[in-house]
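Under full-length UniProt numbering, the letters of the sequence shown match residues 57 to 489, in that order.
Glycine residues also receive a C-beta, built at the ideal position from the N, C-alpha and C atoms.
Everything on this sheet refers to the single structure shown next.
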Amino acid sequence: GGQGAGPSGAPAGAANKGGRGSNTLKGIERLREAREQRRSEMEASRLEKKALMDKDPGNPNWEFRYLIEQERKILQLSPIRTFERGYMRNEQIIVCVRKRPINERELANKETDVLSVPSADRLILHQPRAKVDTTKYIENYSFQFDFAFDEEVPNELIYKYTCVPLIHSAFQGGNATCFAYGQTGSGKTFIMTGGGRPGAVKMKGIFALAAYDIFGLLPSKEIAEHGLSVSCSYFEIYGVKVYDLMSSKKPELKMVEDSNQAVQLLGLTETPVHSVDDVLNLIAFGDNNRMMGQTAVNAISSRSHAVFQIKLIKADGTTVHGMCSFIDLAGNERGIDNAAADRSTRLESADINKSLLALKECIRGLVRQTPHLPFRDSKLTQILRDSFVGSKKNRTCMIAMLSPGHQSCEHTLNTLRYAEAVKGLGAKRDALE
Ligand code: ADP
Ligand code: MG
């Protein structure tokens with residue numbers, strides 16, 4: 057914490073020889089100085105507020121913005137900017153948050169950025185509130201995770217901190233999973249498949265970065281002697297149905313339960329890949345398939361889970377040595393709260409909620425060794441069953457994606473609480489006051 061300046065500006069140990077009268081004079085002088093100091097501070101804050109209003113005239117949220125800026129001054133932000141080995145975590149479950157930059161639509165709506173990332177593992181949500189007498193104030197919620205990434209952190213750096221250990225566990229024979237969780241528009245697809253506005257530099261996503269790493273590691277001595285080969289699959293889970301994204305007509309896949317109660321997808325396309333380019337081509341094909349026939353209002357992609365899997369196959373050509381699953385989850389917003397939603401939308405939201413709840417319990421079970429996990433509550437958890445049980449080599453990473461605008465506050469709080477629950481951190485959170 058920063059230390060306050062001394063109680064007065066007078067140099068310590070200054071001679072204080074004069075009599076009583078001069079002390080009184082000094083006292084008066086000090087009072088006058090203090091008053092002037094207060095006055096100039098008030099003037100500075102008035103100018104600051106005015107500058108804010110001038111910068112953004114007519115913004116009804118300028119007071120909130122001002123209050124949040126004051127908070128940030130105290131916070132002394134030092135977020136993650138580079139890769140530092142010391143930050144790495146060696147845990148089976150890693151949970152982190154990623155704030156995306158505020159976008160043009162939010163700016164046009166005069167939204168205020170309510171998220172601050174003061175350090176490598178902490179995030180603060182400044183919730184705008186109003187008292188009964190309409191006085192505005194900010195309520196601050198502080199959260200701690202394995203990592204907190206602000207809007208400046210590129211996908212690649214997040215990948216290094218969170219996914220590199222997953223790739224290693226797959227090579228060691230484990231099942232590694234990485235989930236992007238959050239409301240629609242928070243950046244789930246951006247971190248998984250990459251993106252960026254047309255014309256801007258396209259940022260690689262986790263799928264592609266994993267492909268680079270896997271093909272980078274394959275020739276290394278200890279791995280090469282296992283004679284591993286690589287194959288990929290890409291599918292979409294929509295309610296209780298699963299569609300193959302690697303096949304041009306997006307066929308629905310039949311499912312059968314095996315003796316472990318895990319679901320096998322019959323006829324899922326497993327494509328052998330020999331280079332990073334092979335993988336990139338597959339991803340492009342699958343993404344295109346996923347988006348096909350969608351309009352903004354009818355965005356099926358926000359209501360389905362997309363699963364991209366990279367399998368390491370043993371020299372026999374069939375046995376799986378280890379694998380990575382990367383999942384772009386359905387939006388967690390509760391359409392169910394929306395009275396205007398039609399029956400099928402409500403059912404669909406209930407279905408998504410159910411699968412996300414089952415997922416939370418199953419991930420927690422990974423380290424808690426809970427005997428009865430609710431796999432069968434959703435297709436997602438049934439399909440990923442082997443990622444949660446059995447091997448100590450299994451690892452999971454959840455990246456909770458956050459939209460920074462104040463209108464997303466409620467959804468953002470839901471996302472943060474879910475992420476805390478996955479890590480089992482619920483009790484650690486305290487509202488700062
Ligand atoms: P979701 O998949 O969660 O619905 P998207 O990944 O589609 O959200 O992101 C919504 C929009 O925001 C997209 O246009 C995307 O390119 C952009 N976006 C998301 N995250 C970032 C980021 N970190 N930097 C720049 N643009 C981003
Ligand atoms: Mg998406």
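Short Cβ contact (7 Å threshold) for residue i with residue j
i, j, result
"Gly295", "Asp407", "yes"
"Leu385", "Phe203", "no"
"Leu301", "Asn345", "yes"
"Leu222", "Arg451", "yes"
"Ala414", "Ser434", "yes"
"residue 490", "Gln183", "No answer is possible for residue 490: the residues shown for the chain start at 57 and end at 489."
"Val220", "Ala267", "no"
"Leu171", "Phe199", "no"
"Cys288", "Val319", "no"
"Leu458", "Lys244", "no"
"Tyr290", "Phe382", "no"
"Ala456", "Thr468", "no"
"Leu131", "Pro174", "yes"
"Ile293", "Leu436", "yes"
"Gln126", "Leu422", "no"
"Tyr215", "Ala176", "no"
For residue i, three-class secondary structure by DSSP
i, result
"Ile392", "With a pLDDT of 47 at Ile392, under the threshold of 50, the predicted position of this residue should be treated as unreliable, though the coordinate-derived value follows. Of the three classes helix, strand and coil, the one that applies to Ile392 here is helix, per DSSP."
"Asp189", "coil"
"Asp343", "helix"
"Lys258", "coil"
"residue 6", "In this structure the chain extends from 57 to 489, so residue 6 is not present and cannot be described."
"Leu163", "helix"
"Met348", "coil"
"Phe201", "coil"
"Leu171", "strand"
"Pro221", "helix"
"Glu308", "strand"
"Asp372", "coil"
"Val445", "coil"
"Asp110", "helix"
"Asn450", "coil"
"residue 36", "Outside the displayed range of the chain (57 to 489) lies residue 36, so it cannot be described from this structure."
"Ile408", "helix"
"Leu429", "coil"
"Phe139", "coil"
"Gln132", "coil"
"His361", "strand"
"Arg88", "helix"
"Gln183", "strand"
"Ser101", "helix"
"Thr437", "helix"
"Ser464", "helix"
Beta-carbon contacts of residue i that lie in its chain and below 8 Å, excluding the five residues immediately before and after
i, result
"Ala322", "The question names Ala, but residue 322 in the sequence shown is Leu. Closer than 8 Å at Cβ, skipping near neighbours: Leu309, Lys310, Met311, Val312."
"Gln317", "Phe431, Arg432, Gln438, Arg441"
"Leu368", "Ala226, Phe227, Ile270, Leu284, Ser285, Val286, Val376, His377, Gly378, Met379"
"Ile158", "Glu167, Asp169, Glu207, Pro460, Gly461"
"Arg128", "Ser172"
"Lys449", "Ser225, Gln228, Gly229, Gly230, Asn231, Gly378"
"Val209", "Pro135, Ile136, Arg137, Arg154"
Residues near residue i in its chain [Cβ-Cβ closer than 6 Å; skip 5 each side]
i, result
"Val478", "Val151, Lys416, Ile419, Met454"
"Tyr193", "Arg185"
"Glu195", "Gln183, Arg185"
"Asn115", "Lys166"
"Gln217", "A quick correction: the sequence has Tyr, not Gln, at residue 217. Phe203."
"Gly387", "Gln239, Thr240, Ser358"
"Tyr474", "none"
"Glu99", "none"
Own chain residues within Cβ distance below 7 Å of residue i, not counting five before or after
i, result
"residue 494", "Any answer about residue 494 is impossible in this case: the structure gives the chain only from 57 up to 489."
"Leu108", "Trp118, Arg121, Tyr122"
"Met248", "Ala236, Gly261, Ile262, Phe263, Phe382, Asp384"
"Glu489", "At Glu489, the pLDDT of 29 sits below 50, so the modelled position is not reliable and the matter cannot be decided from this model."
"Leu324", "Ser289, Phe291, Asp300, Leu309"
"Thr190", "none"
"Gly480", "Arg420"
beta-carbon residue i near the ligand NAP non-hydrogen atom, thresh 6 Å
i, result
"Tyr143", "Although the ligand NAP was asked about, the structure shown includes only the ligand ADP and the ligand MG as ligands."
Can you list the residues near the ligand MG, meaning Cβ strictly closer than 7 Å to any non-hydrogen atom, in the order they appear in the chain? Residues flagged by the Cβ proximity filter: Thr240, Lys244, Thr245, Ser357, Ser358, Asp384.
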